[in-house]
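Top line first, the protein sequences correspond to chains A and B. Take 1 as the starting number for the first sequence in the working numbering and just add one per residue. Take 1001 as the starting number for the second sequence in the working numbering and just add one per residue. See below for the structure under consideration.
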Amino acid sequence: MVDYPIEVTDVSAAVTSLKQKFPEYIQEDTRQGYSGIIVDRNYLVEVARMLRDELGFDYLSSATAVDYYGISDHMEMVYHAYRTAGGPALVFKAQTPRDNAEIPSLIDVWPGADFQEREAYDLYGIRFPGHPNLKRILLWEGFEGHPMRKDWKEPYYTEEHKPFDSRWPDGWVYRAEERNVYGKNVQYPADFDLSKLTDRSEEALYSELGLGVSIQELDSDEALKTDRLVVNMGPHHPSTHGVFRMIVTLNGETIESLEPVMGYLHRNHEQIGERNTFLHNMPFTDRLDYISSMGNNLGYALAVEQLLSKGTRYQPPTYRAEVIRVLMTELTRIVNHYWAIGFLLNDLGAFFTPALYAIAEREKILDFFEATAGSRMMCNYMRFGGVFKDLPERIHSVAAKINDMMRDYDTMDYLTELINERIPRSIDELDTFLTDSEIIKARTIGVGYLPPEMAIAYSAAGPLLRASGVPYDVRRADPYSIYPELDFDVAVRYNGDIYDRYLIRLDEMRESVRILKQLLPRLERTKGEPIFAGNKQHTPRVPLGESYGRVENPKGELGFYVVSAGDEKGPQNPWRYHVRAPSFINLTPLGPMCVGHKVADVVAILGSIDIVLGETDR
Amino acid sequence: MYGQGILKGLFVTFKHFFNTYVDDLRYAGRKYFRQDNFEIRQGLKAQGAFTVQYPDEKIAVPERFRFTPFLVVNDDDHPEAPGEDWCTSCGICAKVCPPQCIWIVRGSDPATGRPIPQPTAFFIDIDICMNCGFCAEFCPFDAIKMDHDYEMASYDRTRNHIHDKERLSKPLSYWKTIAPTTALEEAIARGGWEHPDVIKAMKKQGKTPVEPTIDNMWPKAPVTDADEIADKAPAAAVASSTKQAEVAGDVKTQDVLPEDPEKAARLAKREAALARKRAAAGGMPSSEPTTVAEAAPAEQVAEPAVVVDTQANAGPDATPAGGGKPKFDKQAMLEKIRQKKAQKGG
Chain A
1 MVDYPIEVTD
11 VSAAVTSLKQ
21 KFPEYIQEDT
31 RQGYSGIIVD
41 RNYLVEVARM
51 LRDELGFDYL
61 SSATAVDYYG
71 ISDHMEMVYH
81 AYRTAGGPAL
91 VFKAQTPRDN
101 AEIPSLIDVW
111 PGADFQEREA
121 YDLYGIRFPG
131 HPNLKRILLW
141 EGFEGHPMRK
151 DWKEPYYTEE
161 HKPFDSRWPD
171 GWVYRAEERN
181 VYGKNVQYPA
191 DFDLSKLTDR
201 SEEALYSELG
211 LGVSIQELDS
221 DEALKTDRLV
231 VNMGPHHPST
241 HGVFRMIVTL
251 NGETIESLEP
261 VMGYLHRNHE
271 QIGERNTFLH
281 NMPFTDRLDY
291 ISSMGNNLGY
301 ALAVEQLLSK
311 GTRYQPPTYR
321 AEVIRVLMTE
331 LTRIVNHYWA
341 IGFLLNDLGA
351 FFTPALYAIA
361 EREKILDFFE
371 ATAGSRMMCN
381 YMRFGGVFKD
391 LPERIHSVAA
401 KINDMMRDYD
411 TMDYLTELIN
421 ERIPRSIDEL
431 DTFLTDSEII
441 KARTIGVGYL
451 PPEMAIAYSA
461 AGPLLRASGV
471 PYDVRRADPY
481 SIYPELDFDV
491 AVRYNGDIYD
501 RYLIRLDEMR
511 ESVRILKQLL
521 PRLERTKGEP
531 IFAGNKQHTP
541 RVPLGESYGR
551 VENPKGELGF
561 YVVSAGDEKG
571 PQNPWRYHVR
581 APSFINLTPL
591 GPMCVGHKVA
601 DVVAILGSID
611 IVLGETDR
Chain B
1001 MYGQGILKGL
1011 FVTFKHFFNT
1021 YVDDLRYAGR
1031 KYFRQDNFEI
1041 RQGLKAQGAF
1051 TVQYPDEKIA
1061 VPERFRFTPF
1071 LVVNDDDHPE
1081 APGEDWCTSC
1091 GICAKVCPPQ
1101 CIWIVRGSDP
1111 ATGRPIPQPT
1121 AFFIDIDICM
1131 NCGFCAEFCP
1141 FDAIKMDHDY
1151 EMASYDRTRN
1161 HIHDKERLSK
1171 PLSYWKTIAP
1181 TTALEEAIAR
1191 GGWEHPDVIK
1201 AMKKQGKTPV
1211 EPTIDNMWPK
1221 APVTDADEIA
1231 DKAPAAAVAS
1241 STKQAEVAGD
1251 VKTQDVLPED
1261 PEKAARLAKR
1271 EAALARKRAA
1281 AGGMPSSEPT
1291 TVAEAAPAEQ
1301 VAEPAVVVDT
1311 QANAGPDATP
1321 AGGGKPKFDK
1331 QAMLEKIRQK
1341 KAQKGG
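Structure follows, in structure tokens:
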């Protein structure tokens, strides 16, 4: 570990030493339910530098904006920084007026702020002086307005908050498009000619890359000259796992630069979330990383439970609920890694045989999810203070359709067989099948190298970070649920290439099986105990304040930054709902990782990061 | 030796390939034509390929499976209030619905204008529904439940995808059929098989409602005769869409247009199967598996293949009550395959 000049043990000591150095520019955040410090925006970079270099907060987890329109009429950037050695977050904020919003960029301190600042610029319109590439990231160049601002209204705008008044007690049904007919739902200036509208966003994108043919260069006397070639990979490309686009500049077969373009699946998830009530968001989190919805559920439940715990009547989840939560999230991790490995092999050209062997076992786990939560992938299982329902006695079905085939298993037998026999067997089989294969080794070893310092600086998370030799796992670094009492190791590999990212997923699956084996006796022991401490509430009044719930999702650290503000009695709708999406932030180092490799390796490198576009684009 | 890793990997592929045939041999080549081995084929001891031959085979969904919501109403053979809505139009489902797809018109007394606990209209836009199940979870009256019918594709979204109250209403017996354990748990929590308000009223009058158990889940004298149901269902389907004309357990008839006899016949089969299952659950002697085929009107039953389907479907259900395993009708199965081939050729 690095030796830091100031020996600090916890966050408050760090805050004290910050205050000593910048007494005038740092204030405690004293708003009700808030924590951390507010930094004068003119000194933000200095403070950040000290945090990183002297106080050891080397990892910027999340950077996001909040618009306090109507409350105190300012905007602020909220940063969560951690030490990779472990421990809780240091939250620091910088405030700016809403008009002409400007906050200095932290990209020089933490390059991982790159995409997150671009997102804040895109959705909130905060400019970041010092950012080298400040342009829209989720929306397209030319989009009018910044949709996360509280005073921005979308074309199908109905009401500010759910539940909508039009639904009850006089809910005569209509479709939004009946009242807002397609073609008439846009307005143009009076002298506007649609036929002369040309989209210049693509041109801007290419000219920024310095592309285009220069006549002088073509006419020069140099005997041999190679031109750079731009290849658009995606958005419709099977290797991009969705609609994701990479603009690759090639010199022959070698990559000179790579620029990720995303947002094709953007639906402004966060604004939908701010219109929803707190509970409404739960099924929406399923749709983020739809491979591992149970993990998303848990992250959001933790964030809101942190807020609820500031109230007086909050009761934490029971022990059985926690056991079930961990059971579900660890099964999800296995599901996700099966998927990731299977499709990484697809990307390498081993079409579908490994993928199908991998996801065969996944089916069994999904059967269990379906019988317990009601859906295979959109689980919507966690609730604030517990889970939806206890495990069923039997996993059984009832025929209601023609040709329906029945199944009936005892749940605990099913789980025991799955955890003790089938999953370990199939992990071993994947291991035998793939690990020693010379083709895989030739394609992956040494490719897409990400050194540990860079992984930390770029805020990489999850298997991507740990394969680079940084043993950082939220389950150990900042434990939640019942992880402290469980015996498992944080998997870590040191080479930082695709091969290690593949191996670390196998390791993590084995660790998950280890955890699951410890959960089985706990499940037996707590059988019949309640899964809810208090009453299940559908519209809880959430005390004012902010919270950041983070979990180690299969793809990396998933964080939910939730702010409850506005109504003094405790609002029903979150004021701010931000998702720190690992798939999104893990793409920040994609460009640097690809430079110097061949074009075929891009596909493999992207596959080894393991992204889901539902989460990337939100 | 270079290439050893690849060979090792190929051995795994070969093992999978081999296992598939070993598994096939176990069933003597009839892996996909036997009804009793599905559970084993799909189970945790399964080896090799475990493909499900949809739509010839469908995995029956578990009880908690959720698709779109439906409204619970009283059974049509309910002694006091047949077909009465359980919904009190309290509006909680509309409030907890994350995409806001539920629309309710609260009922009001025409004389006084005061609200009454009954919805005038109830709509669900199933295009918007995200199948989260909150409405069913938070309904204080157990009046809205998640359906298992996932085959809802249609050609016209504007006409077919906003479900009104008539389309949404399904009798309690349907819920008891698709989710027997859950229905029993809920009834125990309510304190009776009736609507919570009815139970409350009974308690007020000093009566104790019947304690729900697995034995009184179905009425003591249920319509056990599968013939009768199979007779009635298609007739009802064609005849009318009023609630009174509906047969117990019949839920989809109102959607069936008269010019769709095939669908009506299919529904009839399903009703018959459900009825038999109900009979089995109620501890009544299960009827002969052949009755449905005989009972259904000849012109409604399009082809013998469908008959076999029904038998096959009902077979495993009847097992727990009937005791013996259903017989595998090889002749019928061959006939079915022959017909399919002929259809393809034609």
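Ideal placement from N, C-alpha and C gives every residue a C-beta, glycine not left out. No experiment lies behind these values; they were computed from the predicted model shown.
Look at Q537 of chain A here: in three-state DSSP terms it is coil, with no helix or strand label.
For Q271 of chain A, the uninterrupted alpha helix (DSSP H) run begins and ends at 269 to 275, by DSSP. The Cβ neighbour count for F351 of chain A, taken over all protein chains shown within 10 Å, is under 16; the residue is labelled exposed. Setting aside the 5 residues that flank it on each side, R407 of chain A is surrounded in the same chain by S397, each with a C-beta closer than 6 Å to its C-beta; the list follows chain order. For E102 of chain A, DSSP records a beta bridge to A:R127. In the three-state reduction of the DSSP assignment, Y577 of chain A falls in the strand class. Chain order gives the chain B residues near R407 of chain A as F1038, E1039, Q1042, G1043, I1059, A1060, P1062, where near means a beta carbon separation below 9 Å. Taking C-alpha positions only, T539 of chain A is separated from Y1021 of chain B by approximately 55 Å. Residues of chain A with a Cβ closer than 9 Å to the Cβ of V1096 of chain B are, in chain order, P163, T277, L279, H280, H538, T539.
When DSSP states are grouped into helix, strand and coil, N553 of chain A belongs to the strand group. Taking every protein chain shown into account, the CB of Q116 of chain A has 16 or more other CB atoms within 10 angstroms, so this residue is buried. Residues of the segment 1128 to 1157 of chain B with a C-beta atom less than 8 Å from some C-beta of chain A are M1130, N1131, C1132, G1133, F1134, E1137, F1138, M1146, H1148, D1149, E1151, listed in chain order. Within 7 Å of the CB of W152 of chain A, no CB atom of chain B is found; the nearest one sits about 20 Å away. From the listed residues A:P104, A:Y69, A:E330, the smallest Cα separation to Y79 of chain A is found for A:P104. Here P1180 of chain B carries a helix assignment [DSSP, helix/strand/coil]. Contact of E160 of chain A with chain B is not assigned, every C-beta pair being separated by 7 Å or more. Distances from the alpha-carbon of E46 of chain A to those of A:K21, A:M262, A:E28 put A:K21 closest. Interface criterion met: the Cβ of A400 of chain A is under 7 Å from a Cβ in chain B. When C-beta atoms of the segment 1127 to 1146 of chain B are compared with those of the segment 1091 to 1110 of chain B, three or more pairs fall below 8 Å, so the two segments count as touching. Under the three-state reduction of DSSP, I1102 of chain B is assigned to strand. Straight across, the Cα-Cα distance linking K1015 of chain B with D1023 of chain B is about 12 Å. Excluding the 5 residues flanking it on each side, E256 of chain A has same chain C-beta neighbours closer than 8 Å at R228, T249, L250, V595, in chain order. Beta-bridge partners of L250 of chain A (DSSP): A:L229, A:I255. H269 of chain A places its beta carbon 7 Å or farther from that of R576 of chain A. Closer than 9 Å at the C-beta level to chain B, one finds no residue of the segment 558 to 579 of chain A. K598 of chain A and G607 of chain A have their C-alpha atoms some 15 Å from each other.
Residue contact with chain A for W1218 of chain B: absent (no Cβ-Cβ distance below 7 Å to any residue of chain A). Secondary structure within the segment 303 to 360 of chain A: the alpha helix (DSSP H) runs of 4 or more consecutive residues, fully enclosed, are 319 to 348 (chain order). Using a CB distance cut-off of 7 Å, K1340 of chain B does not count as an interface residue toward chain A. DSSP places E76 of chain A in the strand class (E or B) of the three-state scheme.
The DSSP-derived three-state label of L288 of chain A is coil.
Neighbourhood of I1162 of chain B in chain A, by CB distance below 7 Å: V173, in chain order.
The C-alpha of M328 of chain A is placed about 19 Å away from the C-alpha of L1044 of chain B. Using a Cβ distance threshold of 7 Å, G1005 of chain B and S426 of chain A do not count as a contacting pair.
D1156 of chain B: not part of any alpha helix (DSSP H); DSSP gives it neither H nor E. Interface residue (Cβ-Cβ distance to chain A less than 7 Å): W1103 of chain B is classified as such.
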